[in-house]
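Down below is the structure, laid out as structure tokens.
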Amino acid sequence: MYMNSGNTRYLPDILFLFVFLPLFLTVVYFTSLNSAFILHTDDYTIFTIYATNFAHFDYNHFMSNLLSYMVIILLIFIFFRIFGLCERKNFYLNLLTIFIIAPFGISLFSLLIYDMDKILGFSGIVSSLLGYFTASFVTYTYKKADINLNRTILFLFPVIFFNLSILSLIRYGLIENTGLDLLLIFILSIYLLDEAKIDIIKIYHSFKNNNLVNSNFKNIPFYWYAIATVLFFFTFTIGLWLILFPEKVLNNGNITNIQGHYIGFMIGTLTPILTYNLKVYIKKLTQLN
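Below is the structure:
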């Protein structure tokens, strides 16, 4: 009975996330839209700044981004829709925010720091979705554990971006003397752990007392847990490393926009927190009126 009602309930989500968006990317790549969408750094418009995030260099570039999207969006779908960790309205509000803000942020940042003929690719948005999943999972945990989300998390993002940037320089041998950078990362990590230790203890006790578990979990078939577990560990081990630290910086003459990935990741990470605080602010204004 659960699956019959579930199939109907989730059909709009499945059509949008797993059919419409992949189909849109496919149509763009295999038609003249791909070349029309590309941002050329010597001649660009507001449209190409946005649309270039949906264009690709070649088939391998297209397929790697499409497969990465399918893995991450399936993980998001299972946790936020099947497991119910996020209300449907909030879920699509966050996705809409990402698909509006991330393309502009990634392209504009790339224009500032890279000296390339053209900038394109869906990988920045994929990174945004990965950041969105990470932050939403943490947000859910913090709310269930009754922890002030703003107190510990907001200052964390510039530190994460700094660490990712330094680690990428180390990974690709762009820094010869990495001792000072590694020391800074170590100091910042110790500081973060010291700041977060009270929260970690509260989360542990909430988990121990079963407060973090959604009451609807008992109605969910076991295979969803199995799929979610495999996807979760794959994404945050192999997948995360490949997205944020790809094996090749230069591929067929095209530079992988690693910093663009990080900007996308940070935008996705901030999105659920910003939308949550915006809703709280609007609610307070409504009550005052």
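Just so you know, we're using numbering that gives the first Met the number 0 here: the sequence shown kicks off at 0 and counts up by one.
Each residue gets a CB set at the ideal place from its N, CA and C atoms; glycine is no exception.
Treat the numbers as computed from the prediction; the structure is a model and nothing was measured.
- Message: Considering only the alpha carbon of each residue, which of Thr47, Asn59, Leu66, Ala134 lies closest to Ile105?
- Response: Taking the first residue of the sequence shown as 1, we reach residue 105 at position 106. If we check each option's Cα against that of Ile105, Thr47 comes out closest.
- Message: Quick check on Asn64: buried or exposed, where buried means 16 or more other Cβ atoms within 10 Å of its Cβ?
- Response: Within the sequence shown, residue 64 is the residue found at index 65, counting from 1. Under this definition Asn64 is a buried residue.
- Can you say whether Thr51 is buried or exposed, counting buried as having 16 or more other CB atoms within 10 angstroms of its CB? As a first step, residue 51 must be located in the sequence shown, where it is residue number 52. Result: buried.
- Message: If you follow the alpha helix (DSSP H) that Ile77 is in, where does it begin and where does it stop?
- Response: The count along the sequence shown starts at 1 and reaches residue 77 at position 78. No alpha helix (DSSP H) contains Ile77, which DSSP labels as neither H nor E.
- Task: With DSSP as the reference, label Leu10 as helix, strand or coil.
- Result: The count along the sequence shown starts at 1 and reaches residue 10 at position 11. Here Leu10 sits in helix by DSSP.
- Task: Counting only the same chain and skipping the five closest in sequence on each side, list residues whose C-beta sits under 7 Å from that of Lys117.
- Result: By 1-based counting over the sequence shown, the position of residue 117 is 118. Taken in chain order, the residues that qualify are Ile37, Leu38, His39, Thr40.
- Message: For Ser135 and Ile257, I'd like the C-alpha separation in whole angstroms.
- Response: Translated into the one-based positions of the sequence shown, residue 135 becomes position 136. Translated into the one-based positions of the sequence shown, residue 257 becomes position 258. Going from the Cα of Ser135 to the Cα of Ile257 covers about 23 Å.
- Item | Spatial distance of Thr138 from Phe82 (CA atoms) | Sequence index remark: in the sequence shown, residue 138 carries index 139 (1-based). Sequence index remark: in the sequence shown, residue 82 carries index 83 (1-based). Each residue's alpha carbon lies about 15 Å from the other.
- Query: For Phe108, which residues from the same chain have a beta carbon less than 8 Å from its beta carbon, with the 5 sequence-adjacent residues on both sides left out?
  - Reply: Position 109 of the sequence shown, counted from the start, is the residue given in the question as residue 108. Sequence-distant Cβ neighbours of Phe108 in its own chain, meaning closer than 8 Å and more than five residues away, are Gln258, Gly259, Ile262.
- Item | In DSSP terms, what Leu38 is bridged to | In the sequence shown, the residue the question calls residue 38 occupies position 39. In DSSP, Leu38 forms a bridge with Ile118.
- How is Thr268 classed by DSSP in three states: helix, strand or coil? Numbered from 1 along the sequence shown, position 269 holds the residue referred to as residue 268. Note: Thr268 maps to helix in three-state DSSP.
- Please determine, among Ile272, Ala54, Ile77, the residue with the shortest C-alpha to C-alpha distance to Asn93. For the purposes of this step, residue 93 is taken as the residue at position 94 of the sequence shown. Ranking the options by Cα distance to Asn93, first place goes to Ile272.
- Thr7 burial status per 10 Å Cβ neighbour count (16 or more: buried): Taking the first residue of the sequence shown as position 1, residue 7 is located at position 8. Per the 10 Å Cβ criterion, exposed.
- Task: Answer yes or no: do Cys85 and Phe76 have a C-beta to C-beta separation smaller than 8 Å?
- Result: For the purposes of this step, residue 85 is taken as the residue at position 86 of the sequence shown. For the purposes of this step, residue 76 is taken as the residue at position 77 of the sequence shown. One thing to note: Cys85 has its Cβ no nearer than 8 Å to the Cβ of Phe76.
- Taking the alpha carbon of Ile298 as the point to measure from, which residue in Asp42, Thr268, Ala225 has its own alpha carbon closest? The shown model of the chain, from 0 to 288, leaves out residue 298, and the question about it has no answer.
- Task: Just mark Thr228 as buried or exposed, buried being the case when its beta carbon has 16 or more other beta carbons within 10 Å.
- Result: By 1-based counting over the sequence shown, the position of residue 228 is 229. The residue is exposed, with fewer than 16 neighbouring Cβ atoms inside 10 Å.
- Message: Can you tell me whether Phe90 is buried or exposed? The criterion is at least 16 other CB atoms within 10 Å of its CB, across all chains shown.
- Response: As a position in the sequence shown, residue 90 is number 91, starting the count at 1. Buried.
- Residue environment, Ile281, which counts as buried when at least 16 other CB atoms sit within 10 Å: Start at 1 with the first residue of the sequence shown, and residue 281 comes out as number 282. Label assigned to Ile281: exposed.
- Query: Do you know how far the Cα of Lys278 is from the Cα of Leu74?
  - Reply: Locating residue 74 in the sequence shown gives position 75, counting from the first residue. Locating residue 278 in the sequence shown gives position 279, counting from the first residue. Using only the alpha carbons, I get a separation of about 25 Å.
- Shortest alpha-carbon distance to Asp57 belongs to which of Leu287, Leu284, Gln286, Thr25? Counted from its first residue, the sequence shown places residue 57 at position 58. Checking every option, the nearest Cα to that of Asp57 belongs to Thr25.
- Item | Exposure label - Ala101; buried when at least 16 CB within 10 Å | Position 102 of the sequence shown, counted from the start, is the residue given in the question as residue 101. If you draw a 10 Å sphere on the C-beta of Ala101, you find 16 or more other C-beta atoms in it, and that means buried.
- Query: With DSSP run on the structure shown, which of helix, strand or coil describes Leu16?
  - Reply: Within the sequence shown, numbered from 1, the residue matching residue 16 stands at position 17. Note: Leu16 maps to helix in three-state DSSP.
- Task: Quick one: grab the DSSP three-state call for Ala54.
- Result: In the sequence shown, the residue the question calls residue 54 occupies position 55. Coil, per DSSP.
- Message: Is it buried or exposed, Val297, if we count other Cβ atoms within 10 angstroms and call 16 or more buried?
- Response: In the structure as shown, the chain begins at 0 and stops at 288. Residue 297 is therefore absent and cannot be evaluated.
- How about Met69 and Pro21: do their beta carbons lie closer than 8 Å? By 1-based counting over the sequence shown, the position of residue 69 is 70. By 1-based counting over the sequence shown, the position of residue 21 is 22. Cβ atoms of Met69 and Pro21: closer than 8 Å.
- Are the beta-carbon atoms of Thr270 and Thr30 separated by less than 8 Å? Taking the sequence shown and counting its residues from 1, one reaches residue 270 at position 271. Taking the sequence shown and counting its residues from 1, one reaches residue 30 at position 31. For Thr270 and Thr30, no; Cβs fall outside 8 Å.
- Message: Looking at the secondary structure, which residues open and close the alpha helix (DSSP H) in which Tyr43 lies?
- Response: Locating residue 43 in the sequence shown gives position 44, counting from the first residue. From DSSP, Tyr43 is part of no alpha helix (DSSP H); its letter is neither H nor E.
- Query: How many angstroms separate the CA atom of Met62 from the CA atom of Leu287?
  - Reply: Here the question's residue 62 lines up with position 63 in the sequence shown. Here the question's residue 287 lines up with position 288 in the sequence shown. Taking the straight line joining both Cα atoms gives about 51 Å.
- Message: When you compare the CB positions of Lys128 and Ile71, do they come within less than 8 Å of one another, or not?
- Response: As a position in the sequence shown, residue 128 is number 129, starting the count at 1. As a position in the sequence shown, residue 71 is number 72, starting the count at 1. It is Leu, not Lys, that sits at residue 128 in the sequence shown. Their beta carbons are under 8 Å apart, which means Leu128 touches Ile71 by this criterion.
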